[in-house]
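What follows is one structure encoded as structure tokens, with my remarks underneath.
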Amino acid sequence: MNEANLNLSTKQKLEPFLLLSKSVKGIACCQLIMDALNAPGVFVFTELYESPNIVQASQLPQVIPYYQLLRIFLYGTFKEYQQQKHNLPTLSTTQIKKLRQLTLVSLSEHTQTLDYAFLLNELNIATVRELEDLIMDAMYDGLLTGKLDQRQQQLLVTKTIGRDVRPEQLDEMMETLGAWSAQTARTLAHLDANIAHLQETVQTNQQAKLDFNRQIEDIRKECRESSHSLSNEVLQEDGRSSRKARDAYNIRKRYADPFLTRCMC
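Per the UniProt record's numbering, the sequence shown starts with residue 1, numbered consecutively.
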């Protein structure tokens, strides 16, 4: 069962107790709390904890221990219950198992590798077999996913559900989100600066390319003009050479013809 389906399932299973909380008042809230904690598949209790009649009844001396117990099931651990159990109601077998499973979830928030020896102590379990059965049931109920490494005597957790959030955790979450938001803003500003620099570089390169192309075109134009001018000069020189040759020929012919005529006579 994935987390979304589990949250929907536990909310649906908690709903009857939320409806009852609207009509139950005073010390009758004690039994309502114990029934909710004993209900199979109910692992999230914030709505019940914050329901108006339960909050009002929590001021009564008879209800205070039950309200404190409900708070432990919200975000406490089995060890916390043991430390205060002389002031709290006695748990049923089902409630003990549920609180131990929820404790597994909380312990997994700090590390994904949990040694059996550590878990046996935190959960006050006597045997490894009992511990492994508890873990397997937690996996079956969708509270966590992972695997048992029996050789290394470890639980390797890959994913857990989210438990109810402590009030002080909200401040921590807000601080974390604020720090993340500030870091994101700095990262975006850095990216914007890089993008602006790249755009400026591209524009500079484009302008340089245009300038280079214009220079090439100017050189080509100068070459064409020089070539045309040289051709004209060559043609003019050829024309002058041709005229000089014709003039020399005519002169030779004019002076040579009478001489040839006299010789022939």
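We put the beta carbon where it would ideally sit given N, CA and C, even for glycine. Just so we're clear, the structure is a prediction, and the values are computed from it rather than from any experiment.
Q | Short Cβ contact (8 Å threshold) for E47 with L18 | A | Contact check for E47 against L18 passes: the beta carbons are separated by less than 8 Å.
**Q.** Beta carbon of L144 nearer than 8 Å to that of L104
**A.** Yes; because the gap between Cβ atoms is below 8 Å, this pair is in contact.
Q) Expressed to the nearest angstrom, what Euclidean distance is found between the alpha-carbon atoms of T204 and D211? A) Taking C-alpha positions only, T204 is separated from D211 by approximately 10 Å.
**Q.** Span of the alpha helix (DSSP H) around K79
**A.** Element bounds for K79: F78 to Q84.
Q) What residue ranges within the region 86-147 form continuous beta strand (DSSP E) runs of no fewer than 3 residues, ordered along the chain? A) Scanning the region 86-147 from its first residue to its last, the whole beta strand (DSSP E) runs of 3-plus residues come out as 113-115.
Q) Could you give the distance in angstroms between the alpha-carbon of H228 and the alpha-carbon of N213? A) The alpha-carbon atoms of H228 and N213 are separated by roughly 22 Å.
**Q.** A156 in three-state terms, based on DSSP
**A.** First, the amino acid is wrong: residue 156 is Leu here, not Ala. Strand.
(Q) Cutting at 7 Å between CB atoms, please list the residues of its own chain near V42, excluding the five before and the five after it. (A) If we look at V42 and ignore the five residues flanking it on each side, its Cβ neighbours are T10, K13, L14 and A36.
**Q.** Buried or exposed by the 16-neighbour rule on C-beta atoms within 10 Å, applied to K209
**A.** It counts as exposed.
Q | Close-in-space but distant-in-sequence residues of the same chain around K159 (CB under 7 Å, 5 per side omitted) | A | Same-chain partners within the cutoff: L144 and T145.
**Q.** V24, enclosing alpha helix (DSSP H) - first and last residue
**A.** Counting along the chain, no alpha helix (DSSP H) covers V24, and no H or E run does either.
Q: Ignore the nearest five residues each way along the sequence and tell me which others in R100's own chain have a CB closer than 7 Å to its CB.
A: Apart from the 5 residues on each side of it in sequence, R100 sits with its Cβ closer than 7 Å to the Cβ of F78, L123 and L134 in its chain, given in chain order.
Q) Counting Cβ pairs, one atom from each stretch, are 3 or more of them under 8 Å apart for the region 20-40 and the region 58-73? A) Two segments are said to touch when three or more pairs of C-beta atoms, one from each, lie closer than 8 Å; by this definition the region 20-40 touches the region 58-73.
Q) Should G178 go down as buried or exposed, given a rule of 16 or more other Cβ atoms within 10 Å for buried? A) G178 counts as exposed, since fewer than 16 other beta carbons sit within 10 angstroms of its beta carbon.
Q: Could you tell me whether the Cβ atoms of Q95 and N38 are closer together than 8 Å?
A: A Cβ-Cβ contact shorter than 8 Å links Q95 with N38.
Q: Could you check which residue in L120, L114, M34 and R151 has the C-alpha nearest to that of T93?
A: The shortest C-alpha to C-alpha distance from T93 to any of L120, L114, M34 and R151 is the one to M34.
Q.
Pull the bridge partners of D211 from the DSSP assignment, please.
A. Paired residue(s): none; D211 is not in a bridge.
Q: Give me the Cα-Cα distance between G76 and K147, rounded to the nearest whole angstrom.
A: Between the C-alpha atoms of G76 and K147 there is a straight-line separation of about 24 Å.
Q | Integer Cβ distance of Y116 from L102, believed to fall under 8 Å | A | Contact between Y116 and L102 is absent: CB atoms are separated by about 19 Å, not below the 8 Å threshold.
**Q.** Separation of V55 from G142, as counted between CA atoms
**A.** Distance between the alpha carbons of G142 and V55: 30 Å.
Q.
Measuring only the C-alpha atoms, how far is A193 from Q154?
A. In this structure, the straight-line span from the alpha carbon of A193 to that of Q154 is close to 48 Å.
Q. Where does L260 fall in DSSP's three states?
A. Low confidence applies here, because L260 scores a pLDDT of 48, under 50, leaving its location unreliable and the question unanswered by this model.
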